[in-house]
Amino acid sequence: MIKEKIKEKLGIIYLDRPQKINALTLAMIRDIRKILEKWEENEEIRAILFDSTSEKGFCSGGDLKEVYNDYLLKPSQKDKSVFFREEFELDKYIATYKKPVISHWYGIVMGGGIGLSINSDIIITDETTNWAMPETRLGFVPDVGVCKFLSTLPQALGQYLGLCGKSLGASDLIANKLCDFKISSFDYKKALDKLIALTKDYEAKELVDKYKSYLKSIEDKAEVSKIDHIREDINKYFSLSSPWEIYKSIEANKDDDFAREIYNDFKQRPGFMLYLQFEKYFLCKNLSYEETIDLDYKILNYSVDEGYMKEGIRAVMVDKDKMPSWRNENIKDVDMGKIKDLLQI
1 MIKEKIKEKL
11 GIIYLDRPQK
21 INALTLAMIR
31 DIRKILEKWE
41 ENEEIRAILF
51 DSTSEKGFCS
61 GGDLKEVYND
71 YLLKPSQKDK
81 SVFFREEFEL
91 DKYIATYKKP
101 VISHWYGIVM
111 GGGIGLSINS
121 DIIITDETTN
131 WAMPETRLGF
141 VPDVGVCKFL
151 STLPQALGQY
161 LGLCGKSLGA
171 SDLIANKLCD
181 FKISSFDYKK
191 ALDKLIALTK
201 DYEAKELVDK
211 YKSYLKSIED
221 KAEVSKIDHI
231 REDINKYFSL
241 SSPWEIYKSI
251 EANKDDDFAR
261 EIYNDFKQRP
271 GFMLYLQFEK
281 YFLCKNLSYE
291 ETIDLDYKIL
301 NYSVDEGYMK
311 EGIRAVMVDK
321 DKMPSWRNEN
331 IKDVDMGKIK
341 DLLQI
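20 is the number that full-length UniProt numbering gives to position 20 of the sequence shown; each next residue is one higher, with no gaps.
Put into structure tokens, the structure is as follows:
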């Protein structure tokens with residue numbers, strides 16, 4: 001499910017589970033770690049590229065069905081968080097990797113796939129990129145350290161993405177500094193060939209600078225936003241002071257298409273996790289990436305222990321009835337004391 005290839009002095013890690021859009025398993029996470037550790041000490045490798053063999057995209061996130069079946073459902077499985085622990089440790093390792101890392105975000109780019117690659121020195125996108133962090137509908141919150149990046153966005157957009165798991169395209173990612181370059185998908189082959197060629201003559205920061213200069217010369221300047229047409233609505237609702245205030249406002253405006261969609265989104269998500277993510281957005285502004293991902297692990301354990309994750313995965317990915325039964329459904333009655341305990345605020 002992971003392919004490794006060396007071309008000149010470039011080490012390429014291909015996520016190779018195309019039938020699942022490379023949904024990450026524990027075995028894949030461990031394989032990636034082994035390859036990276038091997039290549040970090042190999043002087044013949046000057047840079048790493050994360051890529052995919054799937055036509056549909058880079059990565060759909062973690063394989064939560066595996067988590068559900070192999071960990072959450074099994075009483076004999078005492079360590080129910082091993083997948084997330086090793087995933088997060090891998091993400092932290094990549095964030096401090098000694099050699100340049102480049103990632104190719106195209107098609108579906110979600111959850112754990114974002115976490116794997118968001119700390120890359122260069123992130124390349126194209127017109128097919130569809131980026132999202134949809135965790136709240138699954139009974140937890142955006143994890144893998146991504147809230148650190150969401151917290152750099154204006155409040156309305158950061159909360160819209162974090163609370164509702166809505167998607168961004170390449171132009172949106174560029175505009176919000178969540179990736180580095182947008183090129184045409186038809187130009188990717190020559191961009192890869194150029195990267196391979198550059199590794200023969202350059203390394204470290206010089207390699208990164210040379211490749212950035214090249215990518216700038218072939219940038220796709222066409223701006224196609226997924227959110228520009230609803231930006232006024234996003235600002236209207238998600239600049240409010242709490243999830244309860246957002247909920248009351250969208251409920252009062254359900255005749256409006258945008259408000260009705262968000263109302264239905266909120267009804268599908270546990271009020272506790274909506275409040276947790278809302279407060280976490282502000283907290284992460286003052287946390288480091290490492291602190292953010294450590295907090296994510298703490299929250300995930302809480303979600304597992306309290307049954308949120310199990311119910312979310314069941315409703316969305318297993319039974320697919322989209323009728324989760326949350327322990328705390330009423331957004332008005334969320335225990336803010338528990339939120340503050342979890343976030344230590």
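Think of the CB as a built atom: it goes at the ideal place given N, C-alpha and C, for glycine as much as any other residue. Note that the structure is predicted; figures quoted are calculated from it, not measured.
- In the DSSP assignment, Asp51 falls within the beta strand (DSSP E) that extends over Ala47 to Ser52.
- Spanning the alpha carbons of Gly112 and Phe83 requires a straight line of approximately 11 Å.
- The shortest C-alpha to C-alpha distance from Trp326 to any of Tyr308, Leu342 and Lys332 is the one to Tyr308.
- By the Cβ criterion, the stretch 114-129 is not in contact with the stretch 261-268, since fewer than three pairs of Cβ atoms, one from each stretch, lie closer than 8 Å.
- For Gln77, same chain residues with a beta-carbon under 6 Å away, outside a window of 5 residues either side, are Tyr71 in chain order.
- The criterion of a C-beta distance shorter than 7 Å is satisfied by Arg269 and Thr136.
- Ranking Lys99, His229 and Ala204 by CA distance to the CA of Lys38 puts Lys99 first.
- With contact defined as three or more Cβ pairs closer than 8 Å, the stretch 211-222 and the stretch 242-254 are not in contact.
- If you keep only unbroken alpha helix (DSSP H) runs of at least 4 residues inside the stretch 241-276, you get 243-252 and 257-268.
- Annotation for Ala132: the continuous beta strand (DSSP E) segment containing it runs Asn130 to Ala132.
- For Tyr302, there is no enclosing beta strand (DSSP E); the residue is part of the alpha helix (DSSP H) that begins and ends at Tyr289 to Asp305.
- If you ignore the 5 residues before and after Ile102, its C-beta comes within less than 8 Å of the C-beta of Ala47, Ile48, Leu49, Phe50, Ser120, Asp121, Ile122, Ile123, Ile124, Leu195 and Tyr211, all in its own chain and listed in chain order.
- With a 10 Å radius around the Cβ and a threshold of 16 neighbouring Cβ atoms, Val224 comes out exposed.
- For Met336, the secondary structure class from DSSP, reduced to helix, strand or coil, is helix.
- With respect to the 7 Å criterion, Gly107 and Gly57 are classified as neighbours on the basis of their beta carbons.
- Looking from the CA of Gly11, the closest CA among Leu36, Gly158 and Leu274 belongs to Leu36.
- Every unbroken stretch of the alpha helix (DSSP H) spanning 4 or more residues and falling wholly within the stretch 203-239 is given here in chain order: 204-217 and 231-238.
- When the five nearest sequence neighbours on each side are left out, the beta carbons in the same chain lying within less than 8 Å of the beta carbon of Ile313 are those of Leu64, Lys65, Val67, Tyr68, Leu72, Leu138 and Gly139, in order along the chain.
- Going by beta carbons, Tyr275 and Pro243 fall inside the 7 Å limit.
- Taken in chain order, the complete alpha helix (DSSP H) segments of 4 or more residues contained in the stretch 99-128 are 111-117.
- In this structure, Lys74 and Ile293 do not form a Cβ contact; the two beta carbons are roughly 26 Å apart against a cut-off of 8 Å.
- Between Ala156 and Asn286, the C-beta gap is not smaller than 7 Å, which leaves the two residues out of contact.
- Taking every protein chain shown into account, the CB of Ser288 has fewer than 16 other CB atoms within 10 angstroms, so this residue is exposed.
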